[in-house]
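From first to last, the protein sequence lines stand for chains A and B. Using the UniProt record's numbering, read the first sequence as starting at 1 and increasing by one per residue. Using the UniProt record's numbering, read the second sequence as starting at 1 and increasing by one per residue. Glycine included, C-beta positions come from ideal geometry on N, C-alpha and C. What follows is a set of notes on a single structure, which appears directly below.
Protein chains: 2
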Amino acid sequence: MPEVQGGENLLFLTDEQLRQGIEAMFFAYRGFTADPDRILSGMAYGRAHHRAIHFIARAPGTTVNNLLNILGVTKQSLNRVLRTLVEDGLVDSRVGKNDKRERNLFLTEDGVTLERKLSDAQRARMRAAYRVAGPDAVSGFRQVLEAMMDTDMRRQYYQIRDTSS
Amino acid sequence: MPEVQGGENLLFLTDEQLRQGIEAMFFAYRGFTADPDRILSGMAYGRAHHRAIHFIARAPGTTVNNLLNILGVTKQSLNRVLRTLVEDGLVDSRVGKNDKRERNLFLTEDGVTLERKLSDAQRARMRAAYRVAGPDAVSGFRQVLEAMMDTDMRRQYYQIRDTSS
DNA sequence: CATAATATGTCAGCTTTGTTGACATTCCAA
DNA sequence: TTGGAATGTCAACAAAGCTGACATATTATG
Numbered sequence: 001m002p003e004v005q006g007g008e009n010l011l012f013l014t015d016e017q018l019r020q021g022i023e024a025m026f027f028a029y030r031g032f033t034a035d036p037d038r039i040l041s042g043m044a045y046g047r048a049h050h051r052a053i054h055f056i057a058r059a060p061g062t063t064v065n066n067l068l069n070i071l072g073v074t075k076q077s078l079n080r081v082l083r084t085l086v087e088d089g090l091v092d093s094r095v096g097k098n099d100k101r102e103r104n105l106f107l108t109e110d111g112v113t114l115e116r117k118l119s120d121a122q123r124a125r126m127r128a129a130y131r132v133a134g135p136d137a138v139s140g141f142r143q144v145l146e147a148m149m150d151t152d153m154r155r156q157y158y159q160i161r162d163t164s165s
Numbered sequence: 001m002p003e004v005q006g007g008e009n010l011l012f013l014t015d016e017q018l019r020q021g022i023e024a025m026f027f028a029y030r031g032f033t034a035d036p037d038r039i040l041s042g043m044a045y046g047r048a049h050h051r052a053i054h055f056i057a058r059a060p061g062t063t064v065n066n067l068l069n070i071l072g073v074t075k076q077s078l079n080r081v082l083r084t085l086v087e088d089g090l091v092d093s094r095v096g097k098n099d100k101r102e103r104n105l106f107l108t109e110d111g112v113t114l115e116r117k118l119s120d121a122q123r124a125r126m127r128a129a130y131r132v133a134g135p136d137a138v139s140g141f142r143q144v145l146e147a148m149m150d151t152d153m154r155r156q157y158y159q160i161r162d163t164s165s
């Protein structure tokens, strides 16, 4: 049990409060992924495909190596997913111009269509939650999430965020 | 539901803002699970075992049926996880007193020890994030997460939360 | 320049954890 | 008391992680 120093500033950090936060995170993440999961379950795809499609849309021309750093999976695991997406004509994999070992990844027209469908659904969920909670809550939400990331992930997050527009 | 109105109050709900929230959720969840994952990777367990242990600790005597509703997986999938935990002496599965079809689940002494180790690690992460973000941010964090849950999950969340102490 | 070391991506096979289907046991209601 | 519903277990399969081996391209070193 954390002997927490005096001062009412820290009173909200009881184990019980922390556990509620942990469980809120668990249940909320289920909601967060529910809509895209539902859309993809009809097709032969899953959450792994969604993640790949999302970040290729976000950074067109990204390499396999870059993508697996962002996703935090092995290249072998990502490769299986990418192969099906390429075979199905959703992703275009082009040999790198400078470095021929690399593959630059792009969404095809069909890929863009699916990406839009998935992100529309996920944004709708996020928008509804934001509206219910209000602007101040959204700010706090973002602050806690950023503080919860590993340092490496936080760097990735900022980098992608700031190169987007 | 806060009546959402026209005007600049909605300006923060741009697609770009929503997308940042989505990606923050993705990267933060990785951090959220990282410490328990690391602890369990040494043993023959994974995230599924952690979830089962967590909710058995939270509601001792819970049934398999109840647990799979909370976890949102099939009973067959949960059963495999529970079997290994029972075999390894971390969970005690007792035939129900009233209804002999049911199994009431409890952590053994070893189970309690592992649960504490896992939740200590996860709470430390959450505590650090809360401290960095501050009390107001924490409140907003919780509000957005609750609004993001599916209705069924929110009910489960409230119920577990309010029966704990 | 030649060749060894490194980096990138692919293929094959294994593990974890999700899924559906079949079934035994127990309970409950007609 | 008997047929249907509920609970949980066993078996087989699918998705998506993982490690290892390898082909190709690049870079560094002799």
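Asked: Distance between residue 155 of chain A and residue 149 of chain A (C-alpha atoms, nearest Å); Found: 9 Å
Asked: Cβ-based burial, residue 8 of chain B [other Cβ within 10 Å; buried from 16]; Found: Confidence at residue 8 of chain B is low in this model, with a pLDDT of 47, below 50, so the placement of that residue should be treated as unreliable; the coordinate-derived value is given next. Exposed, since its Cβ has fewer than 16 Cβ neighbours within 10 Å.
Asked: Beta-carbon proximity list for residue 159 of chain B, same chain, < 6 Å, skipping 5 on both sides; Found: none
Asked: Chain-ordered neighbours of residue 44 of chain A on chain B, where CB pairs are closer than 9 Å; Found: Neighbours of residue 44 of chain A on chain B: none; closest Cβ ~20 Å, over 9 Å.
Asked: Partner residues on chain A for residue 150 of chain B, Cβ-Cβ distance less than 9 Å; Found: 27, 30, 31, 34
Asked: Simplified DSSP state of residue 104 of chain B, which is helix, strand or coil; Found: strand
Asked: Helix, strand or coil at residue 84 of chain A [DSSP, three-state]; Found: helix
Asked: Segments assigned alpha helix (DSSP H), at least 4 residues, entirely inside the stretch 14-97 of chain B; Found: 15-42, 47-58, 64-71, 75-87
Asked: Beta-carbon proximity list for residue 145 of chain A, same chain, < 8 Å, skipping 5 on both sides; Found: none
Asked: At least 3 beta-carbon pairs within less than 8 Å: the stretch 124-138 of chain A vs the stretch 103-119 of chain B; Found: no
Asked: Distance between residue 84 of chain B and residue 137 of chain A (C-alpha atoms, nearest Å); Found: 41 Å
Asked: Assigned secondary structure, residue 113 of chain B (DSSP; H/G/I helix, E/B strand, else coil); Found: helix
Asked: Assigned exposure category for residue 94 of chain A - 16 Cβ within 10 Å defines buried; Found: exposed
Asked: is_contact[residue 47 of chain A, chain B] using C-beta, thresh 7 Å; Found: no
Asked: Cβ neighbour criterion (16 or more within 10 Å) applied to residue 60 of chain A; Found: exposed
Asked: Within-7 Å CB hit, residue 72 of chain A to chain B; Found: yes
Asked: Own chain, CB closer than 8 Å to residue 47 of chain A, minus 5 neighbours either side, in chain order; Found: 33, 36, 37, 40
Asked: Chain B contact residues for residue 52 of chain A, given Cβ-Cβ distances below 7 Å; Found: In chain order: nothing, as chain B lies at least about 12 Å away.
Asked: Any C-beta of chain B under 7 Å from that of residue 59 of chain A; Found: no
Asked: Residue-level contact to chain A via CB, residue 162 of chain B, 7 Å cutoff; Found: no
Asked: Separation of residue 116 of chain B from residue 19 of chain B, as counted between CA atoms; Found: 35 Å
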